[in-house]
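First the structure, in the form of structure tokens, and then the observations on it.
Number of protein chains: 2
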Amino acid sequence: MVGPEIERLMQLLSRLPGLGPRSARRVALHLVEKRETLLLPLAKALSAVGDSVKTCSVCGNFDSVDPCSICADPRRDQTILCVVEGVGSLWAMERASVFSGRYHVLGGLLSALDGIGPDDLGLGRLRARLDGSIREVVVATPATVEGQTTAHYIADFLADCGITVSGLAHGVPVGGELDYLDDGTIGAALRARRSF
Amino acid sequence: MVGPEIERLMQLLSRLPGLGPRSARRVALHLVEKRETLLLPLAKALSAVGDSVKTCSVCGNFDSVDPCSICADPRRDQTILCVVEGVGSLWAMERASVFSGRYHVLGGLLSALDGIGPDDLGLGRLRARLDGSIREVVVATPATVEGQTTAHYIADFLADCGITVSGLAHGVPVGGELDYLDDGTIGAALRARRSF
Ligand SMILES: [Zn+2]
Ligand SMILES: [Zn+2]
Numbered sequence: 001m002v003g004p005e006i007e008r009l010m011q012l013l014s015r016l017p018g019l020g021p022r023s024a025r026r027v028a029l030h031l032v033e034k035r036e037t038l039l040l041p042l043a044k045a046l047s048a049v050g051d052s053v054k055t056c057s058v059c060g061n062f063d064s065v066d067p068c069s070i071c072a073d074p075r076r077d078q079t080i081l082c083v084v085e086g087v088g089s090l091w092a093m094e095r096a097s098v099f100s101g102r103y104h105v106l107g108g109l110l111s112a113l114d115g116i117g118p119d120d121l122g123l124g125r126l127r128a129r130l131d132g133s134i135r136e137v138v139v140a141t142p143a144t145v146e147g148q149t150t151a152h153y154i155a156d157f158l159a160d161c162g163i164t165v166s167g168l169a170h171g172v173p174v175g176g177e178l179d180y181l182d183d184g185t186i187g188a189a190l191r192a193r194r195s196f
Numbered sequence: 001m002v003g004p005e006i007e008r009l010m011q012l013l014s015r016l017p018g019l020g021p022r023s024a025r026r027v028a029l030h031l032v033e034k035r036e037t038l039l040l041p042l043a044k045a046l047s048a049v050g051d052s053v054k055t056c057s058v059c060g061n062f063d064s065v066d067p068c069s070i071c072a073d074p075r076r077d078q079t080i081l082c083v084v085e086g087v088g089s090l091w092a093m094e095r096a097s098v099f100s101g102r103y104h105v106l107g108g109l110l111s112a113l114d115g116i117g118p119d120d121l122g123l124g125r126l127r128a129r130l131d132g133s134i135r136e137v138v139v140a141t142p143a144t145v146e147g148q149t150t151a152h153y154i155a156d157f158l159a160d161c162g163i164t165v166s167g168l169a170h171g172v173p174v175g176g177e178l179d180y181l182d183d184g185t186i187g188a189a190l191r192a193r194r195s196f
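Taken in order, these protein sequences are the chains called A and B.
Residue 1 is where the first sequence starts when you use the UniProt record's numbering, and the numbers rise one by one after that.
Residue 1 is where the second sequence starts when you use the UniProt record's numbering, and the numbers rise one by one after that.
Put into structure tokens, the structure is as follows:
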């Protein structure tokens with residue numbers, strides 16, 4: 001009833017994270033209404049990303065240059081690598097502005113359920129990067145079962161490399177109310193308690 | 001830090017209804033990750049909509065043909081017009097499959113606050129459509145102050161045309177719990193009560 005072009009647009013929009021059929025419909029309508037100021041610029045921006053953005057062959061980050069601007073930046077600490085699940089985690093680390101080293105993007109986590117094993121995460125590629133200049137690998141996978149299983153696997157996998165393998169500390173998020181935290185987090189925060 | 005192309009994409013995505021900066025970031029990442037299966041098809045779908053979809057010169061609907069497929073459909077009732085605020089309302093009416101006539105899209109509602117007066121709604125164009133074959137105009141503007149002000153204005157404006165001007169009934173939405181309804185709706189539903 002809306003014609004095949006709008007129908008197709010709605011169908012693709014409904015596959016975006018956080019958008020269901022209802023919000024896809026609302027977004028499609030908004031785009032048609034804002035043809036010049038939003039729809040056409042968005043089409044152009046998507047094509048530009050599609051044409052220019054590639055996966056960094058060193059770390060797995062997304063950028064329009066390869067190696068990515070982080071890998072190519074001589075001011076970044078060349079002695080420390082942060083291993084992350086995906087580029088979303090890399091972006092989160094960069095936003096926090098607390099890490100000055102470089103990254104290694106796994107592209108997933110070990111998952112028996114989804115059939116993702118060590119070979120799928122390209123750990124050989126990670127090991128190949130440990131050429132002597134790198135002193136520490138921080139595994140910043142999520143604090144979930146799969147994230148921690150992956151972190152422990154990587155720690156074992158790199159055990160004979162003679163470098164420090166560390167993980168992010170668990171605890172109460174800054175600004176986090178205890179009321180809304182699960183027991184596991186509270187337990188981890190208590191066990192890792194520090195004296196003032 | 002994500003490069004100018006992804007930055008631009010995030011900025012445009014954050015202007016879509018229901019998406020803030022956080023969800024725009026998440027959507028942008030998903031799109032880059034699904035370049036072949038989602039990003040490029042979406043760019044193509046947007047261009048297709050931009051190239052083909054136009055505003056129906058008769059009713060104001062969006063379609064790839066003008067007059068739109070509803071206006072051009074000889075099986076639709078030619079004696080009744082439904083006046084709606086926008087194409088979103090037209091889509092909602094069509095989904096409900098309860099109206100077999102044709103539409104008239106106002107493109108807005110009267111609003112002193114937003115400076116939208118009668119001339120902005122193209123009511124002359126509506127009046128010009130009332131050529132003798134149309135017996136009734138159903139004003140299906142929203143049940144808000146602006147929607148109802150607009151409906152009453154249109155009823156007055158068409159008072160001398162000798163046709164029936166009606167409005168949608170107010171009442172309890174089907175499946176609606178009384179607990180979550182405002183007093184105005186409950187009052188309207190009580191006043192319009194029907195015997196079983
Ligand atoms: Zn890189
Ligand atoms: Zn039409």
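We put the CB at the ideal spot given by N, CA and C, even for glycine.
Every value quoted in this text rests on a predicted model; they were computed, and no experiment measured them.
To the nearest angstrom, how far is the alpha carbon of residue i from that of residue j?
i	j	result
residue 78 of chain B	residue 103 of chain B	10 Å
residue 13 of chain B	residue 25 of chain A	15 Å
residue 47 of chain B	residue 8 of chain A	12 Å
residue 161 of chain B	residue 168 of chain B	20 Å
residue 67 of chain A	residue 172 of chain A	36 Å
residue 74 of chain A	residue 126 of chain A	20 Å
residue 193 of chain B	residue 107 of chain B	33 Å
residue 196 of chain B	residue 123 of chain B	39 Å
residue 159 of chain B	residue 128 of chain B	14 Å
residue 230 of chain B	residue 95 of chain B	For residue 230 of chain B there is no data in the structure shown, the boundaries of chain B being 1 and 196.
residue 30 of chain B	residue 20 of chain A	15 Å
residue 177 of chain B	residue 112 of chain A	45 Å
residue 166 of chain B	residue 186 of chain B	21 Å
residue 114 of chain A	residue 114 of chain B	53 Å
CB residue i to CB residue j, shorter than 9 Å?
i	j	result
residue 1 of chain A	residue 91 of chain B	yes
residue 80 of chain B	residue 97 of chain B	no
residue 137 of chain A	residue 82 of chain A	yes
residue 170 of chain A	residue 143 of chain A	yes
residue 3 of chain B	residue 69 of chain A	yes
If contacts are defined as beta-carbon pairs under 8 Å, then residue i and residue j qualify, I think. What distance do you get, rounded to the angstrom?
i	j	result
residue 49 of chain A	residue 5 of chain B	5 Å
residue 105 of chain A	residue 60 of chain A	3 Å
residue 62 of chain B	residue 32 of chain A	5 Å
residue 191 of chain A	residue 163 of chain A	So it is not a contact: roughly 26 Å between Cβ atoms.
residue 27 of chain A	residue 38 of chain B	Not confirmed; about 14 Å, so no contact.
residue 18 of chain A	residue 23 of chain B	5 Å
Using C-beta distances below 8 Å, list every residue in its chain close to residue i, excluding the 5 sequence neighbours before and after it, in chain order.
i	result
residue 110 of chain B	116, 117, 118, 121, 146, 149, 150 and 153
residue 64 of chain A	52, 53 and 54
residue 34 of chain B	none
residue 155 of chain A	139, 165 and 167
Residues in the same chain with beta-carbon distance under 7 Å from residue i, minus the five sequence neighbours each way, listed in chain order, please.
i	result
residue 133 of chain A	78 and 79
residue 76 of chain B	70, 100, 101 and 102
residue 179 of chain B	none
For residue i, which residues in the same chain have their Cβ closer than 6 Å to its Cβ, ignoring the five residues on either side in sequence?
i	result
residue 10 of chain A	24, 25 and 28
residue 189 of chain A	171 and 172
residue 130 of chain A	161
* Can at least three beta-carbon pairs, one atom from the segment 35-48 of chain B and one from the segment 85-94 of chain A, be found at a separation below 8 Å? -> no
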